[in-house]
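*Asks:*
Chains as they are written, first to last, in my numbering: chain A, 30 to 604; chain B, 50 to 332.
If you want it as structure tokens, here you go:
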């Protein structure tokens, strides 16, 4: 796509009167194409961004989060009129709704800040762009309580400064943008010097690099030629998702169209394919013409495929030649949406709730057992997700709307969801309170402190206080080789984290759990230790831990519950 | 002459009743056909010893208006004033009977019936404070002001062994739907506007739960010295342990252990445990 557009520009400008390099303004239709080119460039490099995660733990992926956020912005922008103002405003709204993860939220701030600063300008020249970047930078810095340098924020601030500085040079637009782009590349290389954690991990900041890729796509498309490409990260990436279980569990986020008349492809088709030497890329290419909403993930042995198509037969016929299929699921979405509409009465008039609750609670939780526990403690709506799949602002907003309460409390239970949760207020008139819970145990403690009789202010205080009263430990596996806090970690090693910091490493989840506990509390501490075991742990095996932990900590009380969470063998709380 | 009266659910120890000359009307306890008057025919220790032998917790009933009339006439006469403070009208009809009797006796004496909106030693604390004010020679208005002050400033937290009892007898008005029973959570209860409500949930063993009650109490009291009652439903040993913890947490203050009586105990069930505290500003 990118090169097609570049070619198009070249032919347009090759005839003489106006060359890309001398272009003075970007107008509406071009702006849409340039945004698309930026998104595409980032999309093509997102795996590299994903692998820049500082900690080698299965986590919300910055690259994926940014791409999903930008795609939401682009979808809206493409539906706008050809007016620059309309395009920018729709992109801002789209990115707000689609914001996923902290980087996604910051990107949505950029769009909003840019749109606001450009205002009614009919075209974007160097002046407008400089103003826009300035606005983007300002809004993002305002929105973040503790801005951290060496991140995507530094990049946008530097871009704004450079744009201001270049104003006096009266450069042609393309040169102007190329110079800004080259400047931010230099800044990107310096991010490890600004943020020690990056230096320790030997990486540049993922969000910062993601933004650079977006800019690269944008500027290249404008200029109609390749400019200095970003040096690829040296670290080797494991294919994502990495192991068989992950592929089988990979949850496909799929919001089906509600209006049956608007469904273009009727059958939602999903299955797992086992084979040898599968090529995910090839499968994607071959299936693409057969439908939309396509997702293909996996590796050479195992793939999970999801596609909306009008002819599942053709899809299955093609796949059966590549290997063996299991878990085949085909749903007729037209039928489903009719049923759903019938249940709702009409789509426009959902049944009104009898009495609005005073305060509703929604929580982001992964794992059947943990979801049950959250419900039992009073959460009204559970949003599937967390560590490995960060829900978007829109998904959070929908959960808030479903509750039908006068006020809603959100428990993000993940540090990378807190900001997206903070954006929900911009979308709804229902007052929303985010209790910044970073872990599942913090979320549980917050719910324990919740008092249905008290007002929002008292609850906010009590719940915010409660999340500080618990220590969280997590046992998971390393997704790559690295060294941390003097620990040498090999890919696949079992690692123990205390409050998000890797503090021990081993080969067996239960051993690492005990080690983690020994490093977190003293032998005769009177504590309540609660272990939530994950999807991959057998219940009986987990129960066996109780006497072991009790022996190590004779004064402590130990409780073990099924959490069912993916990726994390054990989540443990000490309070 | 001014008299202070209350009912047996104030769970006042005999020593205090004698010291202040407080008049007590008993509530009734019904083990099947057998009816016993609290504090006259059955006492806390006996009650909790007997409970394990009973299939059901006994029912309870308030004194009738006639019993109240006889009660008031037993100590007061023409020209006297009775300040009659009782357990929460949302938990029992005792206040209603008292008011009916007061109306009946309106030409004979002045009876001021006060709904304490509390029960057990929380009610007891209000009564003691009123009696203390009376003993200090305060006038009627001053005593009533003191009652209001204590009502507003009492700190009450408690837990029960099994929430089922309170809920079954209708004393927990809004049964919290989100109990957290999956993770063995227990609600921390308080009495608010005369009714029993849950304020938060807590997990873990008794030691942890009791420590939390003490912490919550301390949070509410601040740093001022306080009078603190440790209430227990047939669990004296546990109450003594709590007293030790209380001395660690509160560096100042006076602690007394008080048993929960049979009538309140018939609703909380055995193993209930509570704290009633009032800050006493240094003079």
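All C-beta atoms in this analysis are idealised placements derived from N, C-alpha and C, irrespective of residue type, glycine included.
Given the structure is predicted, the values throughout are model-derived calculations rather than measurements.
Note down the Cα distance separating residue 139/B from residue 112/B, rounded to an integer number of angstroms.
*Replies:* Answer to the nearest angstrom: the Cα atoms are 16 Å apart.
*Asks:* Going along the chain, which residues of the segment 294-322 of chain A sit with their C-beta nearer than 7 Å to a C-beta in chain B?
*Replies:* For the segment 294-322 of chain A, which is checked against every Cβ of chain B, not one residue is closer than 7 Å.
*Asks:* Could you spell out the range, first to last residue, of the alpha helix (DSSP H) harbouring residue 612/A?
*Replies:* Here chain A has residues from 30 to 604 only, and residue 612/A is not among them.
*Asks:* What is the rounded straight-line gap between the Cα of residue 102/A and the Cα of residue 430/A?
*Replies:* Rounded to the nearest angstrom, the two C-alpha atoms are 22 Å apart.
*Asks:* On the criterion of 16 or more Cβ atoms from any shown chain inside 10 Å, does residue 380/A qualify as buried, or is it exposed?
*Replies:* At residue 380/A the pLDDT is 45, less than 50, meaning the model places this residue with poor confidence; the figure from the coordinates comes in the next sentence. When all chains shown are included, residue 380/A counts as exposed.
*Asks:* Our contact map puts residue 133/A next to residue 146/A with C-beta atoms below 8 Å; I'd like the distance itself, whole angstroms only.
*Replies:* Residue 133/A to residue 146/A, Cβ: 21 Å. No contact.
*Asks:* For the beta strand (DSSP E) holding residue 341/B, just list the boundary residues, first then last.
*Replies:* Since the first residue of chain B shown is 50 and the last is 332, residue 341/B is not available in this structure.
*Asks:* For a quick check, are the C-beta atoms of residue 125/A and residue 452/A less than 8 Å apart?
*Replies:* A contact, by the Cβ cut-off of 8 Å.
*Asks:* Figure out for me which residue from 570/A, 550/A and 516/A has the closest Cα to the Cα of residue 538/A.
*Replies:* With distances taken between Cα atoms, residue 538/A lies closest to 570/A.
*Asks:* Under 8 Å Cβ-Cβ, which residues of chain A neighbour residue 251/B?
*Replies:* Correct list: 477.
*Asks:* In chain A, which residues lie with their C-beta within 7 Å of the C-beta of residue 246/B?
*Replies:* Residues of chain A passing the Cβ test: 482.
*Asks:* If we require 4 or more residues per run, which alpha helix (DSSP H) segments fall completely within the segment 39-118 of chain A?
*Replies:* Those alpha helix (DSSP H) runs which fall completely within the segment 39-118 of chain A and span 4+ residues are 57-73, 75-79 and 91-107.
*Asks:* Just checking: is the beta-carbon of residue 402/A within a distance shorter than 8 Å of some beta-carbon in chain B?
*Replies:* So, interface residue.
*Asks:* So the candidates are 116/A, 432/A, 341/A and 163/A; which of them puts its Cα closest to the Cα of residue 65/A?
*Replies:* Closest option to residue 65/A, Cα to Cα, is 116/A.
*Asks:* For residue 232/B, would you say it is in contact with chain A, using Cβ-to-Cβ distances shorter than 8 Å as the test?
*Replies:* Output row for residue 232/B: interface = yes.
*Asks:* Hey, residue 133/B and residue 60/B are a contact pair by Cβ (cut 8 Å); roughly how many whole angstroms apart?
*Replies:* About 17 Å separates the two Cβ atoms, so there is no contact after all.
*Asks:* State whether the segment 434-448 of chain A contacts the segment 60-80 of chain B, with contact taken as three or more CB pairs (one from each stretch) at a distance under 8 Å.
*Replies:* Touching, no, given that fewer than three Cβ pairs across the two stretches are closer than 8 Å.
*Asks:* Start and end of the beta strand (DSSP E) containing residue 60/B?
*Replies:* It is not in any beta strand (DSSP E) - residue 60/B carries neither H nor E in the DSSP assignment.
*Asks:* Is there a Cβ from chain A that is less than 8 Å from the Cβ of residue 229/B?
*Replies:* Chain A contact via Cβ: present.
*Asks:* Could you give the first and the last residue of the continuous beta strand (DSSP E) run that contains residue 415/A?
*Replies:* Counting along the chain, residue 415/A falls outside any beta strand (DSSP E), and DSSP gives it neither H nor E.
*Asks:* Have a look at the DSSP bridge pairing and note the partners of residue 208/B.
*Replies:* BP columns for residue 208/B point to 322/B.
*Asks:* Check for me: the beta strand (DSSP E) holding residue 15/A runs from which residue to which?
*Replies:* The shown model of chain A, from 30 to 604, leaves out residue 15/A, and the question about it has no answer.
*Asks:* Going by the CB atoms, is the gap between residue 298/B and residue 263/B shorter than 8 Å?
*Replies:* Yes, these two residues count as a Cβ contact at 8 Å.
*Asks:* Quick one: give me the first and last residue of the beta strand (DSSP E) that residue 589/A is part of.
*Replies:* That run of the beta strand (DSSP E) goes 586-591.
*Asks:* Under the assumption that residue 141/B contacts residue 117/B (Cβ atoms under 8 Å), give the Cβ distance between them as a whole number of angstroms.
*Replies:* With a Cβ gap of about 13 Å, residue 141/B and residue 117/B do not count as contacting.
*Asks:* What is the residue span of the beta strand (DSSP E) that residue 210/A lies within?
*Replies:* No beta strand (DSSP E) holds residue 210/A; the alpha helix (DSSP H) holding it covers 202-223.
*Asks:* Taking 6 Å as the limit between beta carbons, can you name the residues of its chain near residue 244/A, skipping five residues before and five after?
*Replies:* Here the set comprises 210.
*Asks:* So residue 590/A contacts chain B; which residues on that side make the cut at Cβ distance below 8 Å?
*Replies:* Per Cβ cutoff of 8 Å: 231 and 232.
*Asks:* Go ahead and pull the three-state DSSP assignment for residue 234/A.
*Replies:* The answer is coil: DSSP assigns residue 234/A none of H, G, I, E or B.
*Asks:* Considering only their Cβ atoms, is the gap separating residue 540/A from residue 524/A smaller than 8 Å?
*Replies:* Their beta carbons are not under 8 Å apart, which means residue 524/A does not touch residue 540/A by this criterion.
*Asks:* Can you grab the Cα-Cα spacing for the pair residue 457/A / residue 422/A, in whole Å?
*Replies:* When rounded, the distance between both Cα atoms is 11 Å.
*Asks:* Which same chain residues end up closer than 7 Å to residue 179/A when comparing Cβ atoms and leaving out the 5 residues on each side of it in sequence?
*Replies:* Excluding sequence neighbours, residue 179/A sits near 220, 223, 224, 227 and 234.
*Asks:* Considering just the uninterrupted stretch of the beta strand (DSSP E) at residue 352/A, what are its terminal residues?
*Replies:* Element bounds for residue 352/A: 352-361.
*Asks:* What are the uninterrupted segments assigned as alpha helix (DSSP H) that are 4 or more residues long and contained completely in the segment 495-566 of chain A, given in chain order?
*Replies:* Here the runs fully enclosed are 538-547.
*Asks:* Can you find the residues in the same chain that come closer than 6 Å, C-beta to C-beta, to residue 597/A, ignoring five residues on each side of it along the sequence?
*Replies:* For residue 597/A, where only same-chain residues beyond five positions count, the Cβ hits under 6 Å are 503, 505 and 563.
*Asks:* Check each candidate in 331/A, 459/A and 340/A and name the one with the smallest Cα separation from residue 356/A.
*Replies:* Comparing Cα-Cα distances from residue 356/A to each of 331/A, 459/A and 340/A, the minimum goes to 331/A.
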